[in-house]
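Beneath this line is the structure, given in structure tokens, with notes to follow.
See the structure below:
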């Protein structure tokens with residue numbers, strides 16, 4: 131679907147009724163002449179809901195000068211346009227006040243359009259007062275097609291324009307007699323006139339909204355953009371919530387699978403159980419009963435170190451743990467009598483102790499002991 135197009139006459143006086151045309155889907159849907167074209171044309175939509183509208187203001191031919199310039203060889207388009215602007219400025223009667231735009235016409239020739247900067251600025255101010263900010267402002271004569279033979283003329287209501295090849299101007303009887311004598315002049319009317327208007331958005335090469343008069347960037351969002359932003363924010367929120375929920379579900383399924391596998395493995399040892407906690411308790415009870423639980427090494431080893439801390443001059447030089455659940459160690463001291471308090475403390479704590487005293491090569495007393503948890 132095409133963006134709606136609103137064409138409006140460029141104002142030349144305060145409180146001036148302006149001709150306007152509204153184009154939707156490539157067809158002129160409405161036209162009129164009102165002091166408030168935006169409201170009268172229903173450009174925003176019948177329900178006054180904001181929408182994208184491309185606005186083109188048409189400047190009367192008597193305010194503009196359109197000149198075709200001879201092609202220049204061996205220069206770029208940018209250089210050719212710059213040269214054309216300089217030439218148009220040199221031909222202007224008020225060059226310091228001239229606002230000039232240039233474009234290539236498709237044949238390698240540059241075309242310039244000139245308007246007084248003060249007149250243009252005043253017209254923009256009048257349009258702003260009626261809440262119209264055009265995207266493009268073009269000379270009425272630029273809309274007219276180039277005739278294969280003779281000339282063409284179009285009546286916009288506020289302006290009557292004639293064009294023949296390189297000549298564009300106001301359709302004045304004296305001008306016709308001087309410049310177009312003997313030529314066939316074809317009027318653009320009816321469907322041809324509407325077709326010319328619908329193509330206006332494609333003929334904005336000579337757009338006076340350039341340089342210091344360029345349209346300011348629109349930073350305010352319309353309702354459509356706001357709705358799109360809200361939907362994007364909602365989608366992002368839903369996605370942000372969905373990711374951890376999916377991960378949580380995956381972890382839950384993985385945990386259930388691990389629990390099932392653990393119960394299957396435990397069932398071979400302790401029989402059928404209802405849950406992993408019950409299986410863990412059953413395994414702990416069985417290992418304690420077989421003296422194979424967590425108390426096999428840590429408990430007797432801890433008791434032995436506690437007893438050594440209370441007896442000075444006794445050290446431990448070796449410790450080992452056997453598959454039978456017995457902790458073995460070698461205690462060293464100056465005399466055997468120094469080792470006995472350690473052994474007595476272990477026995478008082480209920481541990482089963484064996485001790486084999488000996489003397490090492492240095493003459494120090496040593497005892498090879500075994501400790502079993504009660």
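In this note's numbering, the protein residues as written are 131 to 504.
We treat Cβ as the ideally placed atom computed from N, Cα and C, and that holds for glycine.
Which listed residue (278, 274, 279) has its alpha carbon closest to that of residue 290
Comparing Cα positions, the closest option is 274.
Hey, residue 461 and residue 436: beta-carbon distance below 9 Å or not?
Taking a C-beta distance under 9 Å as the contact criterion, residue 461 and residue 436 do not qualify as a contact pair.
Jot down the residue ranges of each uninterrupted alpha helix (DSSP H) in the stretch 209-273, minimum 4 residues, whole runs only, in chain order.
Entirely contained in the stretch 209-273, the alpha helix (DSSP H) runs reaching 4 residues are, in chain order, 247-259, 270-273.
Applying the criterion that 16 or more other CB atoms from any shown protein chain within 10 Å of the CB defines a buried residue, is residue 368 buried or exposed?
Residue burial is scored here from C-beta neighbours: residue 368 has fewer than 16 other C-beta atoms within 10 angstroms and is therefore classed as exposed.
Using the three-state DSSP reduction, which class does residue 336 fall into: helix, strand or coil?
Note: residue 336 maps to coil in three-state DSSP.
Validate contact between the stretch 158-170 and the stretch 234-251 using beta carbons, cut 8 Å, 3 pairs:
No, because fewer than three Cβ pairs between the stretch 158-170 and the stretch 234-251 fall closer than 8 Å, the two stretches do not touch.
Buried or exposed for residue 336, please, with buried defined as at least 16 other CB atoms from any protein chain shown within 10 angstroms of its CB.
Around the Cβ of residue 336, a 10 Å sphere holds 16 or more other Cβ atoms; the residue is buried.
From which residue to which residue does the beta strand (DSSP E) around residue 199 run?
Per DSSP, residue 199 belongs to the beta strand (DSSP E) from 194-199.
Which residue wins for smallest C-alpha separation from residue 258, given the options 345, 373, 340?
By alpha-carbon distance to residue 258, the top candidate from 345, 373, 340 is 345.
Distance, residue 492 Cα to residue 484 Cα:
For residue 484 and residue 492, the distance between alpha carbons rounds to 24 Å.
Thinking residue 134 and residue 161 are a contact (beta carbons under 8 Å), I'd like their distance in whole angstroms, please.
With a Cβ gap of about 14 Å, residue 134 and residue 161 do not count as contacting.
Indicate whether residue 198 and residue 241 have their beta-carbon atoms separated by less than 9 Å.
A contact, by the Cβ cut-off of 9 Å.
Cβ contact check for the stretch 199-212 and the stretch 254-272: 3 or more pairs under 8 Å:
Result no; under three Cβ-Cβ pairs closer than 8 Å.
How long is the line joining the alpha carbons of residue 341 and residue 295, rounded to whole angstroms?
Each residue's Cα considered, the two are about 28 Å apart.
Report the option in 140, 156, 144, 405 whose CA atom is closest to the CA atom of residue 150.
Measuring from the Cα of residue 150, the nearest candidate turns out to be 140.
The alpha helix (DSSP H) spanning residue 430 covers which residue range?
Boundaries of the alpha helix (DSSP H) around residue 430: 428-439.
Could you pull the DSSP bridge partners for residue 496 from this structure?
Per DSSP, the beta bridge partners of residue 496 are 462, 488.
Are the beta-carbon atoms belonging to residue 465 and residue 482 less than 9 Å from one another?
It is not a contact, given that the beta carbons lie outside the stated cut-off.
Helix, strand or coil, according to DSSP, for residue 503 in the structure here?
In this structure, residue 503 counts as coil in the three-state DSSP scheme.
Residue range of the alpha helix (DSSP H) that residue 320 falls in?
For residue 320, the enclosing alpha helix (DSSP H) starts and ends at 320-328.
For residue 487, collect the residues of the same chain with a Cβ closer than 6 Å to its Cβ; drop the 5 residues on either side in sequence, then sort them by chain order.
Cβ neighbours of residue 487 within its own chain (closer than 6 Å, five residues either side excluded): 466, 497.
Residues that DSSP places opposite residue 298 in a beta bridge:
Looking at the DSSP output, residue 298 bridges to 293.
For residue 312 and residue 280, I'd like the C-alpha separation in whole angstroms.
So the two alpha carbons sit approximately 9 Å from each other.
Option nearest residue 439 by Cα separation, candidates 475, 324, 452:
Its Cα nearest to that of residue 439, the residue 475 stands out among 475, 324, 452.
What residue range does the alpha helix (DSSP H) around residue 390 cover?
That run of the alpha helix (DSSP H) goes 353-400.
With burial defined as no fewer than 16 other Cβ atoms inside 10 Å of the residue's Cβ, what is the status of residue 194: buried or exposed?
So residue 194 ends up on the buried side.
Is residue 317 closer than 9 Å to residue 283 when the C-beta atoms are compared?
For the 9 Å CB-CB criterion, residue 283 and residue 317 form a contact.
Any heavy atom of the ligand FAD closer than 8 Å to the Cβ of residue 247?
The ligand FAD is absent from the structure shown, which contains no ligands of any kind.
Quick check: the Cα distance between residue 480 and residue 375, rounded to an integer number of angstroms?
In this structure, the CA atom of residue 480 is about 54 Å from the CA atom of residue 375.
Grab me the residues of residue 234's own chain with a C-beta within less than 8 Å of its C-beta, minus the 5 sequence neighbours each way, in chain order.
Exclusion of the five residues before and after residue 234 leaves 207, 210, 211, 240, 241, 335 as the residues of its chain whose Cβ lies within less than 8 Å of its Cβ.
Whole angstroms is fine: what's the gap from residue 201's alpha carbon to residue 365's?
So the alpha carbons of these two residues sit roughly 56 Å apart.
For residue 287, count neighbouring Cβ atoms within 10 angstroms of its own Cβ and tell me buried if that reaches 16, exposed if not.
Exposure of residue 287 is indicated by the presence of fewer than 16 other C-beta atoms within 10 angstroms of its C-beta.
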